[in-house]
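For the record, the sequence lines run as chains A and B. FYI, the numbering for the first sequence is 8 to 662, going by my numbering. FYI, the numbering for the second sequence is 1088 to 1361, going by my numbering. Cβ atoms here follow ideal geometry from the backbone N, Cα and C, with glycine treated the same way. Here the structure is a predicted model, which is why all the values come from computation and not from measurement. To start, the structure under review is shown below, and the notes come after it.
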Amino acid sequence: MGLSRGLRSGALALGCATLSCFLADGGPKSTAPTPPPACARRGPARVAPLDATGAGSTIAVARFGDRTLAYVADEDDHDVHTVDVDSRRELATTPIAGTPSQLLVTKDGRLVVLVRDQARAVVLEPAPAAEAPLDSLCAVDTPDEPVSLAMTPDEKTLLVSTGWGHSLTGYDAATLGRTFDRSLPREPRGVMVSTDGSQAFVTHAVGGQMSVVDLTTDLHAVSAVAVGEQGDLRTPARLALVPRTNEFDDHGDLIKKKPILAATPRQACQGFAIARSTEPGGRILAPEVLVDTGDPTEHSNGYGNAARLPTELPTIAVLDDATREPLEASLTVQVAPDRRVRNEPDECLLPRAAAVDTVGGTLLVACLGIDSVIAYDAASAQPANAELRRWDVASGPTGIAVDAVARRSVVWSQYDRTVTVLSLGAQRLDDPGERPTRISLSRLAQPADDRDLALGRELFHRSIARDGRACASCHPDGRDDGLVWATPDGTRQTPSLAGRLADTAPYAWNGSGETIEAHLANTFARLNAQALGRRDLDALVGYAMTMAGPTASPSDTTSRELARGREIFHASETGCSGCHGLDGQAPDGLRHALEEKAEFDTPSLRFVSGTAPYFHDGRFASFDQMLAATDGSMGKTSQLSAEDKRALETYLRSL
Amino acid sequence: MRPAALVLGLAAVVGWAGAAHAGRVDVSSITDASLARIETVRPKALGGKEKVEEVRWYPGDSEEGRALQLVPAGDVGCMFRGDDPPPAVANPDDPSSQNEPPVLAALPVDGPGPRVRSFRYEAVVGEGDGATLAVSRGWYDRQSLGVRLIDKVEIPLTVLSKSPAVYAYRDGATLDIVVPAAGLTDLATRDVEGRLRSFACQHARVAVPLDVASGTAIITARVLPPPTASPGPMLPGKGRRSVEGQTKVQLSLSVTRTSRDVEPWVSLAVGILR
């Protein structure tokens, strides 16, 4: 997530000057299918992708004549950088009107760039000279917050996953005409197509599952695959321990092993990255984190009460891309013989990007927080336990791409604005010739307060807790992890922060933090985290308070249902706005007794539709359930007709 | 098309320390030994004069509290307990205590259990493509000290990695991985079910079932410094400093089979632990 400064006017003007199509198509986004614009390449194909899996990232490598170029999506400066990997020189920047999230080089020589906060995909092509900015071809609308893209093996369909829009959308790769749009569960992130092109796999930042979208028929059926332990999981993640008791025959021979119980329920989170193996093929590889949120029947000392193993453990889910089934071993937590019971300080708990080195057979995972790229055996049933080596990279690695021919990988570190080039052929860590090389990219002039926000963002993602957790561990992209934790106050779900903190004091579910600093001190104590110095603390608070929320499409203000819902929300009879304030975004700052012996601070309802489950302990899966169960204690809605309840929900979803 | 059998990481690995590599093979390329299951009924007692040339009794040192032990006659190899039950787990709630007894080059004569126990003696013979695992199985009587051979086989080993040396063979529905201890110390394994085992003999062996979609085993070890290196002084509370110079390595073995695979894939990753 970029620094929360919104669009810089300078970048916007520059972007529109270059991408003239934006000015022509700058009105409100239409929800109707986009008519196919003229997105075809105008000149000859000058660039060819070096990635063989059709995956998007914040960085891509391609051949341009006899040069190898890296294209970088820079979410802070709102541009795409062109970098010559061999000469380590930045060649050009192409302004983008908005925050680019991912890009991809197509085999026919175009670049597709997603613009996260503008709900668009723009198509560019290289100019005759690599030193020139990219030329604009067209732009098309996407659902809200496009975050990841992938191309099908036949190069006919471009797939775009959207975060706040929670969808997977297909586009004709030639015309960029929209071909399908499927709704998915919360917070989709990475997308990858199976080897045979028959299905698309989509990771989710929260929710413990992966979505699989069928690409073989026009129905585009969606199914879910559990990749952690949650609810009615088919494949529970469990702690593999030695059998506790065995049975023996009369001769003392072992006849049956009884498995130890000890299933420790762990839920999957941090599903951002995804890749596909090639040799052996047919495996989808999805780095994630398995979380032990603690026993909900017990009060804990912190967040979760994992006594035996760390609260969060990194893993890499491996799925059979034909059957969609995960390999059980990949979701089994199994510690190495001499591994200590607590986490090492450099575990990959914020995996953000992945790519496969097809020649070396390794999976490369870029990790925020520890600023590392880790190479795993891509053919392992449990890649997380088959680490081969790791490299330190510049701060904030958010993207990775592989140049398999030259046996190297390029990594984009957003926070340090640096491309790191890793040699994949290196076998000896002590060979000085194989050390990573770094290419620092240019940047726009930066106000002083932006520098503090940059520091705050880095701190937000830095491993600060003793067990390796960062703020972003529970608040991916500043939002919530969808989990309910055992805490000293009882079970509490993680609140979303982005766009919801300013002017909503006090903080914490029980309102115990009169200021954000006071609340942070309490949180740090619960996490057994290292204390921050004053400047760091100020920077972290500054970043947290200004984190941008999701960029949602404007609601249809002419909708009668929406107007009716708004009317109901603000009516004295229902009493919603009495506590939550105007449009649910000005809470009264008071604590209310909703349960015996427990009072709760009124939360902001900004972006509430994307924060399920609901209530302080996440006990309600839907608005309906919550409003019915709390009638009388939290507003009064039982008198509403079914139509009015629908209208109220429509209004709540618009906040 | 499946690749031909492949020796992992051969070309690129210059030396042991500092090398990390991965590789994978189709399981059909690995030697199938399929050791016969021992159907013999456990004898109640053996005659005291029964002997087996592969093993001998070692008197131990009573002053150090070490009792009579069954050891390899040639002072090489490892002694396994056969099918005798493992001891109770020390603390079932602590994963770090889920240890099986270490595999040594000796089996003690004392302890609970039946009078006649089974043993499995094995040793890696030769190296590289000519390496074999010599296995002798039998019974020993802890009262009469008689020893009886059940069978004796020599299993050709498939090379998975030359540096470090890692071998494999199939035994029915399991894949056995053998890692000679030459140049290594502190060999330990964690098998598919999470059992930990340490090896204080000439090799480590761990099995992974082949009849499941996926399974993993982990072998860890420290690489011994070159012979010329000084062991370093003893430091109070810190042990020998020589450990600081040793590279800690992890061999991650996995067996996977997806719907697209005709045969399971065996994958071995050699990584360096931090």
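- Against E574 (chain A), chain B offers no close residue; the least beta-carbon distance is about 55 Å (beta-carbon pairs closer than 9 Å).
- Burial is judged here by how many other beta carbons sit within 10 angstroms of a residue's own beta carbon; D510 (chain A) has fewer than 16 and is exposed.
- Using a CB distance cut-off of 8 Å, R396 (chain A) counts as an interface residue toward chain B.
- Here M641 (chain A) carries a coil assignment [DSSP, helix/strand/coil].
- Closest in C-alpha terms to G572 (chain A), from the list A:D638, A:D651, A:L612, A:T494, comes A:D651.
- At the C-beta level, S230 (chain A) and V198 (chain A) stay beyond 8 Å of one another.
- Under the Cβ criterion (8 Å, minimum of three pairs), the region 80-92 of chain A counts as touching the region 409-423 of chain A.
- Contact of D1348 (chain B) with chain A by beta-carbon distance below 7 Å involves P287.
- Closest in C-alpha terms to R1202 (chain B), from the list B:A1192, B:A1132, B:D1348, comes B:A1132.
- Comparing alpha carbon positions, the residue from A:T304, A:M217, A:T300, A:E394 closest to I1359 (chain B) is A:E394.
- Less than 8 Å separates the beta-carbon of F279 (chain A) from that of P358 (chain A).
- Taking the C-beta atoms as reference points, V325 (chain A) is found nearer than 8 Å to R290 (chain A).
- Contact between A293 (chain A) and V380 (chain A) does not hold, since the beta-carbon distance rounds to 17 Å and is not under 8 Å.
- Annotation: T304 (chain A) to D624 (chain A) spans about 12 Å, alpha carbon to alpha carbon.
- For the set B:P1351, B:R1284, B:P1243, the Cα lying nearest the Cα of S1121 (chain B) is the one of B:P1243.
- Under the DSSP assignment, Y658 (chain A) falls in the alpha helix (DSSP H) whose first and last residues are 649-660.
- Below 8 Å, too few C-beta pairs join the region 103-122 of chain A and the region 453-465 of chain A to call them touching: fewer than three.
- Close to A1300 (chain B), with beta-carbon spacing below 7 Å, are these residues of chain A in chain order: L334, E335.
- A:D384 is the residue among A:R499, A:D384, A:T210 whose C-alpha sits nearest the C-alpha of P287 (chain A).
- By the Cβ rule, the region 1133-1148 of chain B counts as touching the region 1215-1232 of chain B, because three or more pairs are nearer than 8 Å.
- Spanning the alpha carbons of L131 (chain A) and D364 (chain A) requires a straight line of approximately 27 Å.
- Per DSSP, T553 (chain A) is one residue of the alpha helix (DSSP H) stretching across 541-553.
- Within chain B, the C-beta atoms nearer than 8 Å to that of Q389 (chain A) come from S1301, T1303, S1339, S1341, in chain order.
- Excluding five sequence positions before and after Y514 (chain A), the CB atoms of its chain that fall closer than 7 Å to its own CB belong to G520, I523, H526, given in chain order.
- Think of a sphere of 7 Å around the beta carbon of A1356 (chain B): the chain A residues whose beta carbon falls inside it are D384, S387, A393, L395, in chain order.
- Per the DSSP secondary-structure output, C145 (chain A) pairs in a beta bridge with A:V130.
- The region 544-562 of chain A makes no contact with the region 577-586 of chain A: fewer than 3 CB pairs, one atom from each, lie closer than 8 Å.
- Annotated as proximal: N517 (chain A) and D496 (chain A), with beta-carbon spacing under 8 Å.
- For W1226 (chain B), there are no neighbours in chain A by C-beta distance under 9 Å, as the nearest C-beta there is about 11 Å away.
- Residue burial is scored here from C-beta neighbours: T330 (chain A) has fewer than 16 other C-beta atoms within 10 angstroms and is therefore classed as exposed.
- Excluding the 5 residues flanking it on each side, L334 (chain A) has same chain C-beta neighbours closer than 6 Å at V325, A388, in chain order.
- Judged by beta-carbon spacing, H468 (chain A) lies within the 8 Å limit of L375 (chain A), meaning their Cβ atoms are closer than that value.
- Fully enclosed alpha helix (DSSP H) runs of no fewer than 4 residues are not present anywhere in the region 308-394 of chain A.
- The count of Cβ pairs closer than 8 Å, one atom from the region 1261-1280 of chain B and one from the region 1337-1357 of chain B, reaches three, so the stretches are in contact.
- Within the region 214-240 of chain A, no residue places its CB atom closer than 8 Å to a CB of chain B.
- At a cut-off of 8 Å, the C-beta of R185 (chain A) has no neighbouring C-beta in chain B.
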